[in-house]
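Number of protein chains: 2
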Amino acid sequence: MNERNSEAQSGEADKKTIALIESIAAQVRADIEAGKLPDLKFPVRALDNVTYDKARGYLELGDAEKQRTLTVTTAKSFAQTLRLMATSRAMVEHNDFATKREVYYISKNWGDCRFDQQAESDATMDDIEAMASKHGLSREQLRFYPESHGGSVAGRLTVIDRNPATGATIEIDCANLGTGAYSIPRSVEHLGFRTDARFVLAIETGGMFQRLNNHRFWETARCIIVEMGGVPTRATRRFIRVLSDMHKLPVYCFVDCDPYGFTNIYRTLKAGSGNAAHVNRFLCVPQARFLGVTPQDIVDFGLEDATHPLSATDIKRAQDALDGDPFIMAHPQWIAAIKQLLAMGVRAEQQALAKWGLNYVISEYLPKKLANASGFLP
Amino acid sequence: MNERNSEAQSGEADKKTIALIESIAAQVRADIEAGKLPDLKFPVRALDNVTYDKARGYLELGDAEKQRTLTVTTAKSFAQTLRLMATSRAMVEHNDFATKREVYYISKNWGDCRFDQQAESDATMDDIEAMASKHGLSREQLRFYPESHGGSVAGRLTVIDRNPATGATIEIDCANLGTGAYSIPRSVEHLGFRTDARFVLAIETGGMFQRLNNHRFWETARCIIVEMGGVPTRATRRFIRVLSDMHKLPVYCFVDCDPYGFTNIYRTLKAGSGNAAHVNRFLCVPQARFLGVTPQDIVDFGLEDATHPLSATDIKRAQDALDGDPFIMAHPQWIAAIKQLLAMGVRAEQQALAKWGLNYVISEYLPKKLANASGFLP
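Top line first, the protein sequences correspond to chains F and D.
Numbered per this note's numbering, the first sequence spans residues 801 to 1178.
Numbered per this note's numbering, the second sequence spans residues 801 to 1178.
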């Protein structure tokens, strides 16, 4: 049991964010005063600038850079970029935040400098985020928050937060929320944790989460359960990552046995996505392991008659993973599992275990799987 | 401040559920023993059997019935219906529950009686639900739980739940969850509440919910805030309904100013949907009122330059509402508001208020609106 001094850590990050923004602004100002055209440099956010290092464990942005020099044609986007950085700085100073959509509307008061479409402000924010990520600062530290819902959490965990108005510490006991759960906030950078759990179980569906919560699976299994609700949102991924890092907790992923579960839900949680490679270093959970459902589980747990044939989309997704997904291609065990699934020609949902009784998953499946965690797919 | 004895109430509902299932089973058995072909009667679940009574306030199922008599061709579906009712009974007795998907998989162990597609088990469950609804029993009381996530809640509310294992009372103080929130469980029938709030604010987007929560809007405004995340799920609607009924709390709805916000989000919360009319009586919140954003707000709060043109889909949705939505057609103020929106040719999101500053919504918009709650659209 330990906990971090979360206030001190967010204070450090805030200083770093402001220092980064000030140093860029100072350089632009110095260039202008010296009669030079100022420029801004951003990492290239494109798939051909994404690499996968098995040891590091997530898809990451390479070193290619693009340069935005102040010219007649770039004057508007140059100014917009600086104003967005100033917005970020002001939010750090006033302890506030904004969603992408709010940022777009803030610009409506910038006169000629306003964004005409949200797609423009989104792209500019992505550039700033990518640049900040190279300095170890996440989007949340810039105070740009995601719109999406954070997942739900229950189990042997106390979340340490603070009253945003007074700064007073608030402790939330996730073992004491009844049939409800703790809803993860959109930014988790300021949170601390206290736990005696042995692992984190990340669950695909809300229904399975509710089952494990109502039967207090986390109490006897000594764990923390997290509802992902399909592909986990940024807030959910970051929450699991920080919690796991801070307390050296293994993370086990419990999803459907189909290509979407393997390559979209699990792969996104563990190694991130190619489209937003600049944030993967903060969001990915490289320590995650795949508890199941695996193709071999369909055989081992007698689920053959509770499967569905693979659809054309399933088959294409599986082939694409074998042919082009750097994470899958780096792991022979995943290649073998996906080939096995293709050979079987079927998929199985995690609810298929209900064939043996609603709580078979609690009394048989999970205990058997957890007894052999070293055998989990990587 | 008051609270109900939630345990006693759920016990009553459980007895009623079992009595209903037993009476149907007894009738089937009596028919068979008397050499008669047994039959089961269900309400017709189709749009032409849906009515809207302005006084009652929600779309409801009419009295048309369909009859399923046991014959050679109906033997399988007849047996499936009875087995599903037996499953419901067993879940009540063992204090368990199942999602639609789990119910489908349970049937995999029913031999010839198994469902081949989830669509079949879903339709059979809908029939049973519709029948039970005529006896005042909701789907949740049959122990069929929705898969979908419940929304998030924060504010001046203590939720009274119980430890599902020991039955011990658990109290969750929704004013003490920091930047996080309380995640609504999939069934709320067993919950009790204690509150000194003056109203419930139901919010469309997660971003706006997080803003109001981080700035503890609910503290000074003395309210409870609920995140709907688009069209509210069944659990979210039921939660708001029970909370509002029990404590006579007004419910104010804060969504985007567009036809989707009016006729999908707000209308579903208040009057329900035609497709699932048999559950509306449990889920709708007829006492809800529309706080905004209204077409007139675009003018009154100077948001003209933060709007977007109505799309073809927006215009069609607005016209369909004027021409065929029984809820809209029953309320002249809604007809006028939608016509005003069509005449203006634009829509506005709730985030558009950020044009005047990120927290304008807290310092200006909401206080001004709340000072004139009697003027809210019905």
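Yeah, the Cβ is synthetic: ideal placement off N, Cα and C, and Gly gets one too.
Note that the structure is a prediction, hence the values are computed from the model and not measured.
Under 8 Å from the C-beta of residue i: neighbouring residues of chain F
{"i": "I984/D", "result": "G980"}
{"i": "K1155/D", "result": "Y905, I906, K908 and N909"}
{"i": "D1125/D", "result": "What D1125/D touches in chain F: nothing, since even the nearest Cβ is about 28 Å away."}
{"i": "Y945/D", "result": "G1007 and Q1010"}
{"i": "I970/D", "result": "N976, L977 and G978"}
Separation of residue j from residue i, as counted between CA atoms
{"i": "A1130/F", "j": "K854/F", "result": "7 Å"}
{"i": "F1090/D", "j": "R856/F", "result": "51 Å"}
{"i": "E803/F", "j": "L957/F", "result": "Residue confidence is low: E803/F scores 47 on pLDDT, short of 50, so the model does not pin down where it sits. Its coordinate-derived value is still stated next. About 11 Å."}
{"i": "R889/D", "j": "I818/D", "result": "6 Å"}
{"i": "R901/F", "j": "Y945/F", "result": "10 Å"}
{"i": "F1054/F", "j": "K1155/F", "result": "17 Å"}
{"i": "M801/D", "j": "M1046/F", "result": "Because the pLDDT of M801/D is 36, which lies under 50, any placement of that residue in the model is unreliable, and the number read from its coordinates should be weighed accordingly. Their Cα atoms are separated by approximately 41 Å."}
{"i": "G992/D", "j": "A968/D", "result": "13 Å"}
{"i": "S938/F", "j": "L820/F", "result": "12 Å"}
{"i": "P843/F", "j": "A930/F", "result": "6 Å"}
{"i": "G955/D", "j": "N963/F", "result": "13 Å"}
{"i": "I984/D", "j": "D961/D", "result": "11 Å"}
{"i": "L882/F", "j": "W910/F", "result": "12 Å"}
{"i": "S1111/D", "j": "V872/F", "result": "34 Å"}
{"i": "T1068/D", "j": "C1084/D", "result": "7 Å"}
{"i": "P1132/F", "j": "Q1087/F", "result": "17 Å"}
{"i": "I1138/D", "j": "E940/D", "result": "35 Å"}
{"i": "Q1010/F", "j": "R986/D", "result": "7 Å"}
{"i": "E1027/F", "j": "V1093/F", "result": "16 Å"}
{"i": "T1005/D", "j": "A1002/F", "result": "25 Å"}
{"i": "D927/D", "j": "T869/D", "result": "14 Å"}
{"i": "N805/F", "j": "K816/F", "result": "Caution is warranted here: a pLDDT of 43 is assigned to N805/F, below 50, making its placement in the model unreliable, and the coordinate value is therefore given only provisionally. Going by the C-alpha atoms only, they are around 17 Å apart."}
{"i": "V988/D", "j": "H935/D", "result": "19 Å"}
{"i": "A1121/D", "j": "S1174/D", "result": "24 Å"}
{"i": "V828/D", "j": "L837/D", "result": "8 Å"}
{"i": "A830/F", "j": "A879/F", "result": "16 Å"}
{"i": "Q1140/D", "j": "P1109/D", "result": "14 Å"}
{"i": "M1008/F", "j": "Q1150/F", "result": "8 Å"}
{"i": "A1171/D", "j": "A826/F", "result": "47 Å"}
{"i": "T851/F", "j": "Y858/F", "result": "8 Å"}
{"i": "D912/D", "j": "E833/D", "result": "24 Å"}
{"i": "I1162/F", "j": "L847/F", "result": "41 Å"}
Residue i Cβ short of 6 Å to the ligand MG heavy atom set
{"i": "M1028/D", "result": "In terms of ligand content, the structure shown is empty, and the ligand MG therefore cannot be addressed."}
Residue span of the beta strand (DSSP E) that contains residue i, given as start and end
{"i": "F878/F", "result": "Looking at the DSSP string, F878/F is not in any beta strand (DSSP E); the run it does join, the alpha helix (DSSP H), is A875 to E893."}
{"i": "I970/F", "result": "T969 to D973"}
{"i": "D839/F", "result": "D839 to P843"}
{"i": "E860/D", "result": "L859 to L861"}
{"i": "G955/F", "result": "S952 to G955"}
{"i": "G1030/F", "result": "Here G1030/F belongs to no beta strand (DSSP E), and DSSP marks it neither H nor E."}
{"i": "A981/F", "result": "A981 to S983"}
Where the alpha helix (DSSP H) through residue i begins and ends
{"i": "D927/D", "result": "Q918 to S933"}
{"i": "E902/F", "result": "K900 to I906"}
{"i": "P1126/F", "result": "P1126 to M1129"}
{"i": "Q1087/F", "result": "Neither: Q1087/F is in no alpha helix (DSSP H) and is coded neither H nor E."}
{"i": "T1068/F", "result": "R1067 to A1071"}
{"i": "F1009/D", "result": "G1006 to N1014"}
Chain-ordered neighbours of residue i on chain D, where CB pairs are closer than 8 Å
{"i": "H949/F", "result": "H949, S952, G1006, E1027 and G1029"}
{"i": "V959/F", "result": "G978 and G980"}
{"i": "P964/F", "result": "G978, T979, N1014, H1015 and R1016"}
Partner residues on chain D for residue i, Cβ-Cβ distance less than 7 Å
{"i": "I1105/F", "result": "The sequence as given places Asp at residue 1105/F; Ile does not occur at that position. Those within 7 Å of D1105/F in chain D are K908."}
{"i": "E902/F", "result": "G1007, Q1151, A1154 and L1158"}
{"i": "T995/F", "result": "Under the 7 Å cutoff, chain D gives no residues; its nearest Cβ is about 16 Å from T995/F."}
Contact set between residue i and chain F, taken where Cβ atoms lie within less than 9 Å
{"i": "D896/D", "result": "R1011, N1014, H1015, L1158 and N1159"}
Chain-ordered chain D contacts of residue i [CB-CB under 9 Å]
{"i": "I928/F", "result": "What I928/F touches in chain D: nothing, since even the nearest Cβ is about 18 Å away."}
Cβ contact (3+ pairs, closer than 8 Å) linking the stretch 1070-1082 of chain F and the stretch 854-874 of chain F:
Contact check between the stretch 1070-1082 of chain F and the stretch 854-874 of chain F: three or more CB pairs, one atom from each, fall below 8 Å, which counts as touching.
Quick one: which residues of the stretch 998-1010 of chain F get their C-beta closer than 8 Å to a C-beta of chain D? List them in chain order.
Taking a C-beta cut-off of 8 Å against chain D, the contacting residues of the stretch 998-1010 of chain F are T1005, G1006, G1007 and Q1010, listed in chain order.
Residues, ordered as in the chain, of the stretch 1031-1064 of chain D that lie near chain F by beta-carbon distance below 7 Å:
Under the 7 Å Cβ criterion, the stretch 1031-1064 of chain D contributes no residue.
With three or more C-beta pairs closer than 8 Å as the rule, is the stretch 973-981 of chain D touching the stretch 904-917 of chain D?
Contact between the stretch 904-917 of chain D and the stretch 973-981 of chain D is absent, because fewer than three Cβ pairs lie under 8 Å.
Say whether the stretch 1060-1073 of chain D touches the stretch 1120-1130 of chain D, bearing in mind that this needs 3 or more beta-carbon pairs closer than 8 Å, one atom from each stretch.
Judged by pairs of C-beta atoms under 8 Å, the stretch 1060-1073 of chain D touches the stretch 1120-1130 of chain D, as three or more such pairs exist.
Can you find at least 3 beta carbon pairs, one from the stretch 1089-1109 of chain F and one from the stretch 1020-1040 of chain F, that sit closer than 8 Å?
The stretch 1089-1109 of chain F vs the stretch 1020-1040 of chain F: no contact.
Please identify, using Cβ separations under 8 Å, the residues of the stretch 841-858 of chain F that lie next to chain D, in order along the chain.
So nothing in the stretch comes that close.
Tell me, please, whether the stretch 1019-1029 of chain D touches the stretch 995-1009 of chain D by the rule of three or more beta-carbon pairs shorter than 8 Å.
Here the stretch 1019-1029 of chain D makes contact with the stretch 995-1009 of chain D; the two share three or more CB pairs at distances below 8 Å.
Beta carbons nearer than 8 Å to chain D: which residues of the stretch 1124-1152 of chain F have them?
Within the stretch 1124-1152 of chain F, the qualifying residues are E1149, Q1151 and A1152.
With 7 Å as the limit, tell me which residues of the stretch 872-891 of chain D have their beta carbon closer than that to any beta carbon of chain B; keep them in chain order.
In the structure shown, chain B cannot be found, because the protein chains are F and D.
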